[in-house]
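Undergrad: Quick one: the structure is below, questions incoming.
Number of protein chains: 2
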Amino acid sequence: MDNNNTQFPKIIIIGGGFGGIQLAKKLDKKEVDVLMVDRHNYHTFQPLLYQVATGGLEPDSIAFPLRKVFRHQKNLNFRVADVKQILATEKKISTDIGDFDYDYLVIATGSETNFFGQAEIEHFSMPMKTVPEALNLRSLILQNFEEALIEKDPKRKEALMNFVVVGGGPTGVETSGALAELKNHVLINDYPELDIKNMKIYLIEGSDRVLSPFSQEASAKAKEFLKDMGVIVMENVRVNHYDGDIVTYNDTQSIHTKGVIWSAGVKGAIIPGLDKAEVVKGGRLKTNDYNLIEGYDDIFAIGDIAYMETKDYPHGHPGVAQTAIQQGQQLGENLLKIINKEKPQPFDYYDKGSMATVGRNKAVVDLKHWKFQGFFAWLTWMFVHLLFLVGFRNKVVTLINWIVNYFSYDRGSRVIIRKFDRDAMTEEQKPI
Amino acid sequence: MDNNNTQFPKIIIIGGGFGGIQLAKKLDKKEVDVLMVDRHNYHTFQPLLYQVATGGLEPDSIAFPLRKVFRHQKNLNFRVADVKQILATEKKISTDIGDFDYDYLVIATGSETNFFGQAEIEHFSMPMKTVPEALNLRSLILQNFEEALIEKDPKRKEALMNFVVVGGGPTGVETSGALAELKNHVLINDYPELDIKNMKIYLIEGSDRVLSPFSQEASAKAKEFLKDMGVIVMENVRVNHYDGDIVTYNDTQSIHTKGVIWSAGVKGAIIPGLDKAEVVKGGRLKTNDYNLIEGYDDIFAIGDIAYMETKDYPHGHPGVAQTAIQQGQQLGENLLKIINKEKPQPFDYYDKGSMATVGRNKAVVDLKHWKFQGFFAWLTWMFVHLLFLVGFRNKVVTLINWIVNYFSYDRGSRVIIRKFDRDAMTEEQKPI
Chain A
1 MDNNNTQFPK IIIIGGGFGG IQLAKKLDKK EVDVLMVDRH NYHTFQPLLY QVATGGLEPD
61 SIAFPLRKVF RHQKNLNFRV ADVKQILATE KKISTDIGDF DYDYLVIATG SETNFFGQAE
121 IEHFSMPMKT VPEALNLRSL ILQNFEEALI EKDPKRKEAL MNFVVVGGGP TGVETSGALA
181 ELKNHVLIND YPELDIKNMK IYLIEGSDRV LSPFSQEASA KAKEFLKDMG VIVMENVRVN
241 HYDGDIVTYN DTQSIHTKGV IWSAGVKGAI IPGLDKAEVV KGGRLKTNDY NLIEGYDDIF
301 AIGDIAYMET KDYPHGHPGV AQTAIQQGQQ LGENLLKIIN KEKPQPFDYY DKGSMATVGR
361 NKAVVDLKHW KFQGFFAWLT WMFVHLLFLV GFRNKVVTLI NWIVNYFSYD RGSRVIIRKF
421 DRDAMTEEQK PI
Chain B
1 MDNNNTQFPK IIIIGGGFGG IQLAKKLDKK EVDVLMVDRH NYHTFQPLLY QVATGGLEPD
61 SIAFPLRKVF RHQKNLNFRV ADVKQILATE KKISTDIGDF DYDYLVIATG SETNFFGQAE
121 IEHFSMPMKT VPEALNLRSL ILQNFEEALI EKDPKRKEAL MNFVVVGGGP TGVETSGALA
181 ELKNHVLIND YPELDIKNMK IYLIEGSDRV LSPFSQEASA KAKEFLKDMG VIVMENVRVN
241 HYDGDIVTYN DTQSIHTKGV IWSAGVKGAI IPGLDKAEVV KGGRLKTNDY NLIEGYDDIF
301 AIGDIAYMET KDYPHGHPGV AQTAIQQGQQ LGENLLKIIN KEKPQPFDYY DKGSMATVGR
361 NKAVVDLKHW KFQGFFAWLT WMFVHLLFLV GFRNKVVTLI NWIVNYFSYD RGSRVIIRKF
421 DRDAMTEEQK PI
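The listed protein sequences derive, respectively, from chains A and B. According to the UniProt record's numbering, the first sequence holds residues 1 to 432 in order. According to the UniProt record's numbering, the second sequence holds residues 1 to 432 in order.
Rendered as structure tokens:
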């Protein structure tokens, strides 16, 4: 298949995440021929997936049609396609809808859930990296409660009301906080027949503190917020097994639960074919300072999938939206320079800080010279997330939802549109 | 299983649609013990399903959690359950989560798509009576366009861009109008590589006019609106077959299409076990003037599933939300009268009129003494639909979407969250 409309250099971008979009925009109105491919026809605003999973936001508010993003960009074609392999020597990618030629290839595939090879956990626990996964989790939470209502066996009833979030990074902290609010403000009213005290939310973190990449101050405050909201925070704890009924941790201890949310790690979403590339820890592709994958002279990687060692970041940059955005912008400019035989600029990360929200009026913000927590941090978090959310309609609808949720203490999207079929999963995913 | 909390009479309502909700609300704070069961945990606002299917609204805006509706109603329990059978002699219903006893039973199950026994059509065409079905259709429309983009075979490309709506009632008219707007304002921009002129939208109606239950004036104007928007309106046309590729009509003619939307009829969603009931045309249960199913003294039917002959409506009441709402309210009052050994009131339908929208600024309204069409009708339609939409958040989010859609000519929810798998359908539903 041919994507060649012009004689301009052909750039293929794999992935319409934060990095891919920023890069493509930098190429608007330039003399290049851009093809973006993505498995989905929409951009996912991943930082808010946990709010979809807990009924606070509609899925459509955090999914933005990629064709709409590039509606006015004449030099870009978009295809919904699953990239099967990179044929680097032929300068081609092979996809489920055919092959495409490139002069320059950019891997912006982001990351996927890392189960660290534990097939049983992968099989039974809920990841939360895509919109369908967030919707599955939303259905599961509600289905568990509907089932608990009619369950006679006390052990199974307990398991249906227990939720274990594994991994105390921003996603784990935000998800367990949102679950606590769901418990305290929504489920308590929705299920008066159940004793809501029996719903337990555990947050299990392997290191000695939640939000370990943040400041000590932020970690401590986040933990305090979580405890205030009733989350059982367990640090220095390692999960061993989960068989669909019982989570085992620290070798000897266990929790009965039918709801394990896995946010313990990510790995780069690698595409086969980059045999010369060096894949480092976490499945990231080693690049030079210009995001060029080492071993190639025409294949680049940006965002979560890229691993670049610099003086300030000797172990690579953080796997956050800002890295992807900044690398996408920089590479956009660099590609034009490379095409024009000019010298590209090495990437220099500007750390805008980190933030995570725990619940209403409760968030933590780490800036370079200023760390703050609580109500003002929570306002900051909301403002920044609205700012980066793609699309005017999405911004307005999300803001309305947040206002309604805030004043009503409610979560309006607690609907089971598609039932999550535990057994279907058991059949399909069965790798064990 | 026992749902008996008190010594009060036990009323079971099957179905949380317009009728079931109104009925249950009339029983609030009364000395009765109410159990509502529904297959879903939410109420579906069916009149706006077509806007979900065409990317204009989020699914969550028209789905409202039933537990939230009855949050403050102490004498009502709700269960997500699939009713398998009515055991009338034992005064029980049998469901997938157990049996429940009743003193009075109300069937408010509404209607389902009627394929009139045509298994092949049922197999290959898209119904639109539930939220998942509307989402399937949304995915199909977008997937067809993504596929058309890469299709080389001109016949198949044509089939992917042709849409045939069968049935010219309000749903068919509204859906084909919305498809035309999607074509004229959205798809034309999203797919500049395709020649949008090749997208054809057919509306096929068996009788001599679209909106046949409406006034002649409304039918004529709706047809004019549709034609202006580019819909090919075919009246007095009967569909014979659809094999997944070709629709055959009037015995000899055909259209190549991969998208057939079936809105040609509904039938009552009957539950087995009512052996003494008379099932009339369209699968409706014959009732007396008090919504009591003939042959029983404790089982009632309201809304789409009920068939009541009265002087003014010798062939039953129209299958619309208003009938269900009014019958639900009346039966609520009557049940309390029956329990108190008072004389119930016969049902008297108050016709508030009919309306359908075709596109922006284009709607038709039939009131008893006033018929009007166009911009003011369109405003009226929106106002009435917002009024009946359940929930403050849903009203606000829907209004915002309508405003944004109106000024931007856009449809923001054109995302394929779950791919519609034609082949999976072929495997699962295979009744032929």
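From the three backbone atoms N, C-alpha and C, an ideal C-beta is built for every residue, glycine too.
Give the secondary structure of Arg156(A) by DSSP, where H, G and I count as helix, E and B as strand, and everything else as coil.
TA: Reading the first sequence from its first residue, position 156 is the one you call residue 156(A). If DSSP states are grouped into helix, strand and coil, Arg156(A) belongs with the helices.
Undergrad: Comparing alpha-carbon positions, which option in Thr44(A), Leu76(A) and Gln85(A) lies nearest residue 434(A)?
TA: The question about residue 434(A) has no answer here: the residues shown for chain A are numbered 1 through 432.
Undergrad: For the putative contact between Thr175(A) and Ala53(A), defined by C-beta atoms under 8 Å, what is the C-beta separation to the nearest angstrom?
TA: For the purposes of this step, residue 175(A) is taken as the residue at position 175 of the first sequence. For the purposes of this step, residue 53(A) is taken as the residue at position 53 of the first sequence. Your pair Thr175(A) and Ala53(A) checks out as a contact, with CB atoms roughly 7 Å apart and the cut at 8 Å.
Undergrad: Answer with buried or exposed for Ile11(B), where buried requires no fewer than 16 other C-beta atoms within 10 angstroms of its C-beta.
TA: For the purposes of this step, residue 11(B) is taken as the residue at position 11 of the second sequence. Buried.
Undergrad: Just the chain B side, please: which residues come within less than 7 Å of Ala63(A) by C-beta, in chain order?
TA: Residue numbering aside, residue 63(A) sits at position 63 when the first sequence is read from its first letter. Per Cβ cutoff of 7 Å: Val415 and Ile417.
Undergrad: Name the DSSP beta bridge partners of Ile339(A), please?
TA: If you number the first sequence from 1, residue 339(A) lands on position 339. BP columns for Ile339(A) are empty, so no partner.
Undergrad: Have a look at Lys92(A), Asn77(A), Asn75(A) and Leu76(A) and flag the residue whose alpha-carbon is nearest the alpha-carbon of Val83(A).
TA: Translated into positions along the first sequence, residue 83(A) becomes position 83. Answer by Cα proximity: Lys92(A).
Undergrad: Looking at the C-beta of Arg71(A), does it have a partner C-beta in chain B at a distance below 9 Å?
TA: For this step, residue 71(A) is matched to residue 71 along the first sequence. Chain B contact via Cβ: present.
Undergrad: Check whether the region 295 to 310 of chain B touches the region 6 to 23 of chain B, counting contact only when three or more Cβ pairs, one atom from each stretch, lie closer than 8 Å.
TA: yes
Undergrad: Per DSSP, what kind of secondary structure is residue 449(A) in: helix, strand or coil?
TA: Nothing can be reported for residue 449(A): it is not among the residues displayed for chain A, which extend from 1 to 432.
Undergrad: Would DSSP call Ser94(A) helix, strand or coil?
TA: Taking the first sequence and counting its residues from 1, one reaches residue 94(A) at position 94. Three-state result, Ser94(A): strand.
Undergrad: Restricting to runs no shorter than 3 residues, where is the beta strand (DSSP E) found entirely within the region 50 to 90 of chain B?
TA: 63 to 65, 76 to 80 and 83 to 87
Undergrad: Can you find a CB in chain A that lies within less than 9 Å of the CB of Lys430(B)?
TA: Taking the first residue of the second sequence as position 1, residue 430(B) is located at position 430. Because Lys430(B) carries a pLDDT of 39, less than 50, the predicted location of this residue cannot be relied on, and no value is offered for it.
Undergrad: Between Ser94(A) and chain B, is any beta-carbon pair separated by less than 9 Å?
TA: The count along the first sequence starts at 1 and reaches residue 94(A) at position 94. Cβ-Cβ to chain B under 9 Å: no for Ser94(A).
Undergrad: Along chain A, in chain order, which residues have C-beta atoms closer than 7 Å to that of Tyr42(B)?
TA: Taking the first residue of the second sequence as 1, we reach residue 42(B) at position 42. For a Cβ distance threshold of 7 Å, residue set Val415 of chain A lies close to Tyr42(B), ordered along the chain.
Undergrad: How far does the beta strand (DSSP E) with Phe300(B) in it reach, from first residue to last?
TA: Mapped onto the second sequence, residue 300(B) falls at position 300. Start and end: Ile299 to Ala301.
Undergrad: Please list the residues of the region 370 to 400 of chain A that have a C-beta atom closer than 8 Å to any C-beta atom in chain B, keeping them in chain order.
TA: Gly391, Phe392, Arg393, Asn394, Val396, Val397 and Ile400
Undergrad: Write down the C-beta distance between His315(A) and Met308(A) rounded to the nearest angstrom, noting that I regard them as a contact closer than 8 Å.
TA: For the purposes of this step, residue 315(A) is identified with residue 315 of the first sequence, where counting begins at 1. For the purposes of this step, residue 308(A) is identified with residue 308 of the first sequence, where counting begins at 1. Going by Cβ atoms, the distance from His315(A) to Met308(A) rounds to 10 Å, so no, they are not a contact pair.
Undergrad: Counting along the chain, where does the alpha helix (DSSP H) carrying Asn405(B) start and finish?
TA: Walking along the second sequence from the start, residue 405(B) turns up at place 405. Here the alpha helix (DSSP H) through Asn405(B) covers Phe392 to Ser408.
Undergrad: Between the region 170 to 200 of chain A and chain B, which residues of the former have a C-beta closer than 9 Å to a C-beta of the latter?
TA: Val186, Asn189, Asp190, Tyr191, Pro192 and Glu193
Undergrad: Step through the CB atoms of chain A and report whether any lies within less than 9 Å of the CB of Arg79(B).
TA: Numbered from its first residue, the second sequence carries residue 79(B) at position 79. With 9 Å as the cut-off, Arg79(B) counts as an interface residue toward chain A.
Undergrad: Check whether the Cβ of Gly20(A) lies closer than 9 Å to any Cβ atom in chain B.
TA: Against the first sequence, residue 20(A) aligns to sequence position 20. Chain B, which has no Cβ nearer than 9 Å to the Cβ of Gly20(A), makes this no.
Undergrad: Counting along the chain, where does the beta strand (DSSP E) carrying Thr248(B) start and finish?
TA: As a working mapping, residue 248(B) is identified with position 248 in the second sequence. Thr248(B) -> beta strand (DSSP E) spans Ile246 to Tyr249.
Undergrad: Along the alpha helix (DSSP H) that carries Phe45(A), what are the first and last residues, could you check?
TA: For this step, residue 45(A) is matched to residue 45 along the first sequence. Element bounds for Phe45(A): n/a, residue is neither H nor E.
Undergrad: By how many angstroms is the C-alpha of Val166(B) removed from the C-alpha of Val260(B)?
TA: Within the second sequence, numbered from 1, the residue matching residue 260(B) stands at position 260. Within the second sequence, numbered from 1, the residue matching residue 166(B) stands at position 166. Going from the Cα of Val260(B) to the Cα of Val166(B) covers about 7 Å.
Undergrad: Using the Cα positions of Leu226(A) and Glu235(A), report the straight-line distance between them to the nearest angstrom.
TA: For the purposes of this step, residue 226(A) is taken as the residue at position 226 of the first sequence. For the purposes of this step, residue 235(A) is taken as the residue at position 235 of the first sequence. Taking the straight line from one Cα to the other gives about 13 Å.
Undergrad: Would you kindly report the start and end of the unbroken alpha helix (DSSP H) that includes Arg138(A)?
TA: Taking the first residue of the first sequence as 1, we reach residue 138(A) at position 138. Note, Arg138(A): alpha helix (DSSP H), Val131 to Ile150.
Undergrad: Look at Leu285(A) and Leu274(A) and say whether their C-beta atoms are less than 9 Å apart.
TA: Translated into positions along the first sequence, residue 285(A) becomes position 285. Translated into positions along the first sequence, residue 274(A) becomes position 274. A contact, by the Cβ cut-off of 9 Å.
Undergrad: At least one CB of chain B closer than 9 Å to the CB of Leu149(A): is that the case?
TA: As a first step, residue 149(A) must be located in the first sequence, where it is residue number 149. Closer than 9 Å to some Cβ of chain B, the Cβ of Leu149(A) qualifies, so yes.
Undergrad: Drop a sphere of 10 angstroms on the beta-carbon of Leu66(B), count the other beta-carbons inside from all chains shown, and report buried for 16 or more, exposed for fewer.
TA: Within the second sequence, the letter at position 66 stands for residue 66(B). Leu66(B) is buried by the Cβ-count criterion.
Undergrad: Grab me the residues of Val173(A)'s own chain with a C-beta within less than 8 Å of its C-beta, minus the 5 sequence neighbours each way, in chain order.
TA: Taking the first residue of the first sequence as 1, we reach residue 173(A) at position 173. The residues are Leu203, Val210, Leu211, Ala222, Leu226, Ala356 and Val358.
Undergrad: What does Gln253(B) pair with, by DSSP beta-bridge criteria?
TA: In the second sequence, counting from the first residue as 1, residue 253(B) sits at position 253. Its beta-bridge partners are Tyr249(B).
Undergrad: Let me make sure I understand the geometry here. Which of Trp370(B), His369(B), Val365(B) and Glu158(B) has the alpha-carbon closest to that of Phe383(B)?
TA: The sequence position of residue 383(B) within the second sequence is 383, counting from 1. Nearest of Trp370(B), His369(B), Val365(B) and Glu158(B) to Phe383(B), Cα basis: Val365(B).
Undergrad: Whole angstroms are fine: how far does the CA of Val247(A) sit from the CA of Phe115(A)?
TA: As a position in the first sequence, residue 115(A) is number 115, starting the count at 1. As a position in the first sequence, residue 247(A) is number 247, starting the count at 1. Going by the C-alpha atoms only, they are around 15 Å apart.
Undergrad: Nearest to Phe100(B) by alpha carbon, out of Pro127(B), Glu90(B) and Thr109(B)?
TA: The sequence position of residue 100(B) within the second sequence is 100, counting from 1. Here the closest residue by C-alpha is Glu90(B).
Undergrad: Could you tell me the alpha carbon to alpha carbon distance between residue 441(A) and Ile97(A), rounded to whole angstroms?
TA: Absent from the model: residue 441(A). The displayed extent of chain A is 1 to 432, so no value can be given.
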